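Asker:
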Amino acid sequence: MGATGGRGRLLRRGWLPVCAAVLLAGCASMPSSGEVRKVGDGQRADADSQVRVFGIAPHDGENTSQIVSGFLEATTSGETDFSTAKKYLTKEMAARWDPTAQITVFSSGRQSPDADSISRKEGYATVSLSGTKAAVVDTKHAYLPDQGEFRTSFHLVKQNNEWRIDGLRDGLVLSEPDFQRLYHSVNMYYFAKLGPDEHPDGSTVETLVADPVYLRNQTDPLVSTVSALLGGPTDWLSPAVTSAAPSGIRLYDKTPDHGVTLDDSQRLRVRLDHSADRMGGQRCARLAAQLFATVQAQASAKLASADVERADGSLACSLPSGQAQTYGPENRVGSATRQYYIGSDGQRQHPLLELGQVNNSGSRVTGPFGDNKADLDSVAVRRDEQVAAGVRNNGRELVVGSLVYDEPLGDPVIRSNATTAKDGLSAPSWDGFDDLWVADRDPKAPKLLVLPDGRGPAVEASVEGLEGRVESLRVASDGVRIALVVEQDKVMRLLLGRIVRGGTLKHPQFSVTGLRMLTPPGENVTSVSWAGASRLVLLDRESGGAQRIEYMSTDGSTSTALQGVSEAASVAASEDQTKPLLASYNGSVYRLGPDNNWKQVTPKGGSPVYPG
Numbered sequence: 076m077g078a079t080g081g082r083g084r085l086l087r088r089g090w091l092p093v094c095a096a097v098l099l100a101g102c103a104s105m106p107s108s109g110e111v112r113k114v115g116d117g118q119r120a121d122a123d124s125q126v127r128v129f130g131i132a133p134h135d136g137e138n139t140s141q142i143v144s145g146f147l148e149a150t151t152s153g154e155t156d157f158s159t160a161k162k163y164l165t166k167e168m169a170a171r172w173d174p175t176a177q178i179t180v181f182s183s184g185r186q187s188p189d190a191d192s193i194s195r196k197e198g199y200a201t202v203s204l205s206g207t208k209a210a211v212v213d214t215k216h217a218y219l220p221d222q223g224e225f226r227t228s229f230h231l232v233k234q235n236n237e238w239r240i241d242g243l244r245d246g247l248v249l250s251e252p253d254f255q256r257l258y259h260s261v262n263m264y265y266f267a268k269l270g271p272d273e274h275p276d277g278s279t280v281e282t283l284v285a286d287p288v289y290l291r292n293q294t295d296p297l298v299s300t301v302s303a304l305l306g307g308p309t310d311w312l313s314p315a316v317t318s319a320a321p322s323g324i325r326l327y328d329k330t331p332d333h334g335v336t337l338d339d340s341q342r343l344r345v346r347l348d349h350s351a352d353r354m355g356g357q358r359c360a361r362l363a364a365q366l367f368a369t370v371q372a373q374a375s376a377k378l379a380s381a382d383v384e385r386a387d388g389s390l391a392c393s394l395p396s397g398q399a400q401t402y403g404p405e406n407r408v409g410s411a412t413r414q415y416y417i418g419s420d421g422q423r424q425h426p427l428l429e430l431g432q433v434n435n436s437g438s439r440v441t442g443p444f445g446d447n448k449a450d451l452d453s454v455a456v457r458r459d460e461q462v463a464a465g466v467r468n469n470g471r472e473l474v475v476g477s478l479v480y481d482e483p484l485g486d487p488v489i490r491s492n493a494t495t496a497k498d499g500l501s502a503p504s505w506d507g508f509d510d511l512w513v514a515d516r517d518p519k520a521p522k523l524l525v526l527p528d529g530r531g532p533a534v535e536a537s538v539e540g541l542e543g544r545v546e547s548l549r550v551a552s553d554g555v556r557i558a559l560v561v562e563q564d565k566v567m568r569l570l571l572g573r574i575v576r577g578g579t580l581k582h583p584q585f586s587v588t589g590l591r592m593l594t595p596p597g598e599n600v601t602s603v604s605w606a607g608a609s610r611l612v613l614l615d616r617e618s619g620g621a622q623r624i625e626y627m628s629t630d631g632s633t634s635t636a637l638q639g640v641s642e643a644a645s646v647a648a649s650e651d652q653t654k655p656l657l658a659s660y661n662g663s664v665y666r667l668g669p670d671n672n673w674k675q676v677t678p679k680g681g682s683p684v685y686p687g
């Protein structure tokens, strides 16, 4: 079976002269035909990503519609200072207009003069823009899906017998294809707020969390990347993370490199303004770790170090790659040397099996989970691969046991009062701090539960703003983000939440806040797994359509579908994107090879998982 990307094709269209009638669907920066779809990660063709568009300055005698159309088209050029676009504005408006304030992304739209407010005889006019928006990008560069109607207007005035725009909203208005051509997604990295888990035994535990943003393409992307990192996390992630960068700090931009260099030896040097003059010690090292992780995520070669410099060029601190990796997100993911699934004899699923990196034959794990009497419904393997947790007895019991020693299972750590498996305990999930998460789907008392250190007693986690019942979940290794499949009005929706940790080590408290919907209305999600620092893989089905395996970014901005396995039962991936994708289908488990072909593993089984 082959696997190919199917949803993420960027639509291109020819560039037309400014239209006499300004129609977003047929001229300026909008596609002339075809269906607009989201662009998948890495799915853009090289030719598309290298398209360069040059803005055209206004011509003498252009009418109001042509001026607005020309302005919109000029904002889609490769100019980062918008110098051509500003020629369509009055001098006063050009000085005030802030193109970086916000981006409104259109899925479709129509622009036309508002006849009721046009009065050319008096030298004033208004041109309105209306249509359907897909998303907005805020001042922190965060992509926010926001479907609905949108309307804005441009006020024009005649100066020296030529129309110019003297009133418009700050920000940009772009079609989806133009947005994907002009902007790229970048992961910023900030430190997780871990509450009592931050100092479990007197030492300090720290880990970095990915925060995806969209930055405009530039010749030297490092400057914009570092500037965005220094500006702090997005509003959604901010309550759950911290930054080592002092408030208000900026790059030292009085040199041609604007304060950021990456030399041939892969040494990253970041020179900051006077806000960093007193920075040193652990805070400086933490900032260097953030810089290292953020730049390394974009670099093709491995960085050697990250140096933080003061305004006078003196060295504040230097963090070599070996030390930087101890802060990195991968330190909580685990090595994931094996994959796991539950074996089946055709009647019921029983023991836990493990797969090596190459061999497509599963073998029983060591310990009680490898026994037929394990009678597993679902399982989660701790990230160190020493311990597993399993749901059994038709979803009524959660047990925890060793994968190293042949010792019997103890008493269940959680029991559900549900009478059927579908109303019982969900598949469990371990975060990177050995806390075990599970949902009890008992209709009489549904709840989200956490077992600190996987031992208990269980703590109920509140879920702010939850409408519906949690059907399944996957916790990120950073312990800050959680993906929830929630039943709402008989539809399975995918939501992303922030985990807030409080209390004490003896009496920990957990809550999930900031729920954000990732799937559009009408899509049913049946399985989800983390597949990268800011990426999920899921099984979903559009209303009336076929089921598909789909990668989705955690901000909801991109999605890419795979072909090759239809009507799968579940899907599993690792946050380490070098590991193969797993799927269960028709009583067997399949692994996606480097050649993009699915290979069946033996013996039969289902419910494949990676540690986590």
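Heads up: the sequence shown begins at 76 in this note's numbering, then just goes up one per residue. Every residue, glycine too, gets a C-beta built ideally from N, C-alpha and C. Keep in mind it's a predicted model, so treat the numbers as computed, not measured.
Run through DSSP, which three-state label would N672 get?
Answerer: Stepping through the sequence shown from its first residue, residue 672 is reached at position 597. Strand, per DSSP.
Asker: With a 10 Å radius around its C-beta and 16 neighbouring C-beta atoms as the bar for buried, classify L99 as buried or exposed.
Answerer: Numbered from 1 along the sequence shown, position 24 holds the residue referred to as residue 99. Because L99 carries a pLDDT of 33, less than 50, the predicted location of this residue cannot be relied on, and no value is offered for it.
Asker: Could you compute how far the alpha carbon of S318 sits from the alpha carbon of G662?
Answerer: By 1-based counting over the sequence shown, the position of residue 318 is 243. By 1-based counting over the sequence shown, the position of residue 662 is 587. Computed Cα separation, rounded: 47 angstroms.
Asker: Within 10 Å of its beta-carbon, does S340 have 16 or more other beta-carbons around it, so buried, or fewer, so exposed?
Answerer: For the purposes of this step, residue 340 is taken as residue 265 along the sequence shown, with counting starting at 1. The residue is exposed, with fewer than 16 neighbouring Cβ atoms inside 10 Å.
Asker: Using CA atoms only, rank isn't needed, just tell me which of E384, L337 and F367 is closest to S350.
Answerer: Numbered from 1 along the sequence shown, position 275 holds the residue referred to as residue 350. For S350, the nearest C-alpha among the options comes from E384.
Asker: Please name the residue in L366, L362 and Y258 whose C-alpha comes closest to that of S250.
Answerer: By 1-based counting over the sequence shown, the position of residue 250 is 175. With distances taken between Cα atoms, S250 lies closest to Y258.
Asker: In three-state DSSP terms, what is R471?
Answerer: Here residue 471 is taken as the residue at index 396 of the sequence shown, counted from 1. In the structure shown, R471 sits in coil (DSSP, three-state: anything other than H, G, I, E or B).
Asker: Can you tell which of G578, Q563, F367 and A533 has its C-alpha closest to the C-alpha of E598?
Answerer: Here residue 598 corresponds to residue number 523 of the sequence shown, with the count starting at 1. Of G578, Q563, F367 and A533, the residue nearest in Cα terms is Q563.
Asker: If we count the other Cβ atoms within 10 Å of its Cβ and call it buried at 16 or more, is R226 buried or exposed?
Answerer: Locating residue 226 in the sequence shown gives position 151, counting from the first residue. With fewer than 16 other Cβ atoms within 10 Å, it is exposed.
Asker: What residue does the alpha helix (DSSP H) around Q365 start on, and which one ends it?
Answerer: Taking the first residue of the sequence shown as 1, we reach residue 365 at position 290. First-last of the alpha helix (DSSP H) with Q365: G356 to Q371.
Asker: Count the other CB atoms, across all protein chains shown, that sit within 10 Å of the CB of G485; report buried if there are 16 or more and exposed otherwise.
Answerer: Position 410 of the sequence shown holds residue 485. G485 comes out exposed.
Asker: Take V281 and list the residues in its own chain whose beta-carbon comes closer than 7 angstroms to its own, dropping the five residues that flank it on each side.
Answerer: The residue you call residue 281 lines up with position 206 of the sequence shown. Note on identity: in this sequence residue 281 is Glu, with Val being the wrong assignment. Once the five neighbours on either side are set aside, the close Cβ partners of E281 are F266 and Y402.
Asker: DSSP three-state label for N704, please.
Answerer: No information on residue 704 is available, as it lies outside the stretch 76 to 687 that the chain covers here.
Asker: Can you tell me the Cβ-Cβ gap for F254 and V180, rounded? I've got them flagged as a contact below 8 angstroms.
Answerer: Indexing the sequence shown from 1 puts residue 254 at position 179. Indexing the sequence shown from 1 puts residue 180 at position 105. Contact flag correct, Cβ pair sits at about 5 angstroms.
Asker: In chain order, what are the residue ranges of uninterrupted beta strand (DSSP E) at least 3 long that sit wholly in the stretch 500-526?
Answerer: With a minimum length of 3 residues, the continuous beta strand (DSSP E) runs that stay inside the stretch 500-526 are 511-515 and 522-526.
Asker: Please classify T300: does DSSP put it in a helix, a strand, or coil?
Answerer: Mapped onto the sequence shown, residue 300 falls at position 225. The answer is helix: DSSP assigns T300 an H, G or I state.
Asker: Run the CB neighbour count on G540, radius 10 Å, all protein chains shown included, and call it buried at 16 or more, exposed below.
Answerer: On the sequence shown, residue 540 is found 465 positions in, with the first residue counted as 1. So G540 ends up on the exposed side.
Asker: Give the range of the beta strand (DSSP E) segment to which A536 is assigned.
Answerer: Translated into the one-based positions of the sequence shown, residue 536 becomes position 461. Element bounds for A536: V534 to V538.
Asker: What residues in its chain sit with their C-beta under 8 angstroms from that of S393, if we drop five residues either side in the sequence?
Answerer: Taking the sequence shown and counting its residues from 1, the one referred to as residue 393 is at position 318. The residues are A363, S380, A381, D382 and V383.
Asker: For K113, count neighbouring Cβ atoms within 10 angstroms of its own Cβ and tell me buried if that reaches 16, exposed if not.
Answerer: Within the sequence shown, the letter at position 38 stands for residue 113. With a pLDDT of only 36 at K113, under the threshold of 50, the placement of this residue in the model should not be trusted; the figure read from the coordinates follows. By the 10 Å Cβ count, K113 comes out buried.
Asker: My assumption, with CB atoms under 8 angstroms, is that S419 sits in contact with E429. Please give the rounded CB distance.
Answerer: In the sequence shown, counting from the first residue as 1, residue 419 sits at position 344. In the sequence shown, counting from the first residue as 1, residue 429 sits at position 354. Not a contact, Cβ separation roughly 15 angstroms.
Asker: Note down the Cα distance separating V479 from P683, rounded to an integer number of angstroms.
Answerer: What you label residue 479 is simply residue 404 of the sequence shown in a count that begins at 1. What you label residue 683 is simply residue 608 of the sequence shown in a count that begins at 1. Spanning the two alpha carbons is a distance of roughly 20 angstroms.
Asker: So, is G117 buried or exposed, given that buried needs 16 or more other C-beta atoms within 10 angstroms?
Answerer: Numbered from 1 along the sequence shown, position 42 holds the residue referred to as residue 117. Reliability fails at G117, whose pLDDT of 39 lies under 50, so the model's placement of it is uncertain and no value is given.
Asker: Helix, strand or coil: how does DSSP classify H134 here?
Answerer: On the sequence shown, residue 134 is found 59 positions in, with the first residue counted as 1. Looking at H134 - three-state DSSP - the assignment turns out to be coil, as it is neither helix nor strand.
Asker: Please give me, in chain order, every unbroken run of the alpha helix (DSSP H) with length at least 4 that falls completely inside the stretch 273-348.
Answerer: Taking only runs of at least 4 residues, the alpha helix (DSSP H) segments lying wholly in the stretch 273-348 are 296-305.
Asker: Have a look at T689 and T594 and give me their C-alpha separation to the nearest angstrom.
Answerer: This structure does not reach residue 689, given that the chain is present from 76 up to 687, and the question cannot be answered.
Asker: If you reduce the DSSP assignment to three classes, tell me which class T653 lands in.
Answerer: Here the question's residue 653 lines up with position 578 in the sequence shown. T653: coil per DSSP, three-state reduction.
Asker: Quick one: is E625 buried, meaning 16 or more other Cβ sit within 10 Å of its Cβ, or exposed?
Answerer: Within the sequence shown, numbered from 1, the residue matching residue 625 stands at position 550. Counting Cβ neighbours within 10 Å, E625 comes out buried, since at least 16 surround it.
Asker: Do you know offhand how far M105's Cα is from G397's?
Answerer: Here residue 105 is taken as the residue at index 30 of the sequence shown, counted from 1. Here residue 397 is taken as the residue at index 322 of the sequence shown, counted from 1. Unreliable placement is indicated for M105, whose pLDDT of 28 sits below 50; no coordinate value is reported for it.
Asker: Would V433 be called buried (16 or more neighbouring beta carbons within 10 Å of its own) or exposed?
Answerer: Stepping through the sequence shown from its first residue, residue 433 is reached at position 358. Exposed, since its Cβ has fewer than 16 Cβ neighbours within 10 Å.
Asker: So, for Q293: in the same chain, excluding its five sequence neighbours on each side, which residues have a beta-carbon less than 7 angstroms away from its beta-carbon?
Answerer: Stepping through the sequence shown from its first residue, residue 293 is reached at position 218. For Q293, where only same-chain residues beyond five positions count, the Cβ hits under 7 angstroms are T155 and S299.
Asker: Check the C-beta distance from A502 over to S547 and give it rounded, since I have them as a contact under 8 angstroms.
Answerer: Here residue 502 refers to the residue found at position 427 when the sequence shown is read from its first residue. Here residue 547 refers to the residue found at position 472 when the sequence shown is read from its first residue. About 6 angstroms separates the two Cβ atoms, so the contact holds.
Asker: Grouping DSSP H, G and I as helix and E and B as strand, with all else coil, what is A496?
Answerer: One-based indexing of the sequence shown puts residue 496 at position 421. Note: A496 maps to helix in three-state DSSP.
Asker: Would you call the CB atoms of V545 and A520 closer than 8 angstroms?
Answerer: Position 470 of the sequence shown, counted from the start, is the residue given in the question as residue 545. Position 445 of the sequence shown, counted from the start, is the residue given in the question as residue 520. No.
Asker: Does DSSP put S250 in a helix, a strand or coil?
Answerer: Translated into the one-based positions of the sequence shown, residue 250 becomes position 175. Strand.
Asker: Can at least three beta-carbon pairs, one atom from the stretch 214-224 and one from the stretch 628-639, be found at a separation below 8 angstroms?
Answerer: Taking 8 angstroms as the limit for Cβ pairs, the verdict is that the stretch 628-639 does touch the stretch 214-224.
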